[in-house]
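Everything on this sheet refers to the single structure shown next.
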Amino acid sequence: MTGIEQFEVEFDNVRGSTPRNRDAKIPTTDKLISMIGLGPIPPTKVFAADAIVKENNRLDQSPADGELTLTEQAVRAGVLRRAGEALEKDLRGGIEQKVTSLKKLYARINLLTVSIGQAGNTPLVGPDGEQLTQEEAQDAHDTLRDQIGEETAAGSKKHLIRRRSSRAKEIGSALLDFPVFLLAMIGLLNVNLRLLVTFDVPTIIMFGTAVVFALLGTFLFAFLMRTMGHRHRRFKNADSAVEAPPSVRHRILAEQIATITITVAAALVMVMRIYLDGTEAGAPAALTVVLAALFGVLIGVTGYINYMSEYENGSEQTDRVQHLSAQLAYITSTMHTLRQQRAVLIEEAGIQLADLARMLDQALAHATSTVTGSSTDKAIAVARSYYGSRISLPDPTFPDTTMDLIKKQMCELAGHHDFLTSNQDDRDNQEN
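Residues in the sequence shown are numbered consecutively from 13, following the numbering used here.
Have a look at this one:
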């Protein structure tokens, strides 16, 4: 073989062509032993392999790399169709369900994003009932906070609050007078306690009336004391004393006098009740007077405690700060919760997106291996070897309808996920 001929052979090999062997055929012995499963050709593909070899003898050149002859395409068509149907079933089954699940997940993420935006723009109600933006509410809160901090640091007692108060203590302090009021009402209504154990109906009714009026008196007295304490603390000065402006000074003074009068009246009622009961019972006069004075002082002290528990619990400024702080804290907590839920869903979407890509690759790889590992492809490869072709078979291609649609949807979902992730990273950086 001359150098030019050798070059032509090598060039043909690079192009995917091989020297023609128009007399190629499958030996009869190979056909016979293949039919019984002992030969190189799959038993059911002996005639197909023979047809491929005969076709090659008729062609001007062997198929190039990545090509199939018409007979090879016909031989491969059956297994290619079955693999395509299996792939289509996978695509319309679990993979399509995964895409639908991802779309629903991203819909929830989008809804949370809208909710976060709405929460960030929700107007707040100011201490005087006015509407404020969150920025205005935060500025007002910070201004009041700084004012309270500066005045407290300068020695003012105006803004001090009780830090250990609880609902149970508030109710307990309000009920301190109940036994005293109940005793007074029992004596006033002449309830015979001995008849209670005999279930005397009139006595039970009178005792119930005494309990109701005792509760009413207890809560009204506590409510009055606390309401007055809350009203008067608006006019506290730095020394925690009432310092009302001239326009309301007389009104505040009248309220203080009324509060003291009601407290003294409640104490006198109790003093008289104890004194009369003790006198009728023939108790020593000294003991009667001491007990009457003791219960009277008890009524007055409990009223004073209820009044001061409100009066010394902060100021007008602390009330305004607490009003704004509660709303700002609620908005902050709500947005933090929504962002956490959104971050969790974004992470879950990323995992499901990776699962979708894996499922798609596995389905395509399974369909490809179904064809390339089939007896059909083995027969084509053996047939090529008989006429001296070393060109490998091309990978199978499948109909692009559902596959292309799912790939397009997956690309869109992946792009949306990247957008959400980048926005979340930017927001986290801003918060930090």
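Even glycine gets a Cβ: it sits at the ideal position worked out from N, Cα and C. A quick note: this is a predicted structure, and the numbers were derived from the prediction, not measured.
Asked                                                                                                                      : Found
Classification of Y342 by the beta-carbon crowding that lies within 10 angstroms, buried from 16 upward                    : exposed
Beta-bridge pairing of V137 - partner residues as DSSP gives them                                                          : Q143
Cβ-based neighbour list, F19, same chain, cut-off 7 Å, excluding 5 preceding and 5 following                               : Its pLDDT being 43, under 50, F19 is placed unreliably in this model, and the coordinates cannot settle the point.
Where the alpha helix (DSSP H) through R70 begins and ends                                                                 : 58-70
Classification of T273 by the beta-carbon crowding that lies within 10 angstroms, buried from 16 upward                    : exposed
For K248, three-class secondary structure by DSSP                                                                          : strand
Residues near Y323 by beta carbon distance below 7 Å, same chain, minus five either side                                   : G241, H244, R245
N325: first and last residue of the uninterrupted alpha helix (DSSP H) it sits in                                          : Here N325 belongs to no alpha helix (DSSP H), and DSSP marks it neither H nor E.
Of the residues G294, M415, R351, the one placed nearest S127, counting alpha carbons only                                 : R351
Buried versus exposed call for D102 [16 or more other C-beta atoms within 10 Å across all chains shown]                    : buried
Span of the alpha helix (DSSP H) around F190                                                                               : 190-200
Close beta carbons around G7, own chain, < 7 Å, minus the five adjacent residues each side                                 : Absent from the structure is residue 7, since the part of the chain shown begins at 13 and ends at 444.
Nonlocal neighbours in the same chain, by C-beta distance under 8 Å from G220, ignoring five residues either side          : none
Simplified DSSP assignment, three categories, for V87                                                                      : helix
Within 8 Å, strictly: CB atoms of I64 and E79                                                                              : no
Option in T40, P75, L71 with minimal Cα separation from V58                                                                : T40
Top-ranked residue by Cα proximity to A129, from G385, H348, A226, A298                                                    : A quick correction: the sequence has Gly, not Ala, at residue 129. Considering only alpha carbons, the answer is H348.
Rounded separation between I48 and R396 - CA only                                                                          : 21 Å
Chain-order list of residues whose beta-carbon lies under 7 Å from that of M282 (same chain, five-residue window excluded) : V192, A196, F307, G308, I311
I79, enclosing alpha helix (DSSP H) - first and last residue                                                               : With the sequence shown as reference, residue 79 is identified as Glu, and Ile is not the correct amino acid for it. Run containing E79: none; DSSP gives neither H nor E here.
According to DSSP, residues forming a beta bridge with V254                                                                : K248
Which of helix, strand or coil DSSP assigns to V127                                                                        : The amino acid at residue 127 is misidentified as Val; the sequence shows Ser. Helix at S127.
Where P258 falls, given that 16 or more other Cβ within 10 Å makes a residue buried                                        : exposed
Buried or exposed by the 16-neighbour rule on C-beta atoms within 10 Å, applied to G105                                    : exposed
Where K115 falls, given that 16 or more other Cβ within 10 Å makes a residue buried                                        : exposed
Burial state of L44 (16 or more Cβ within 10 Å)                                                                            : exposed
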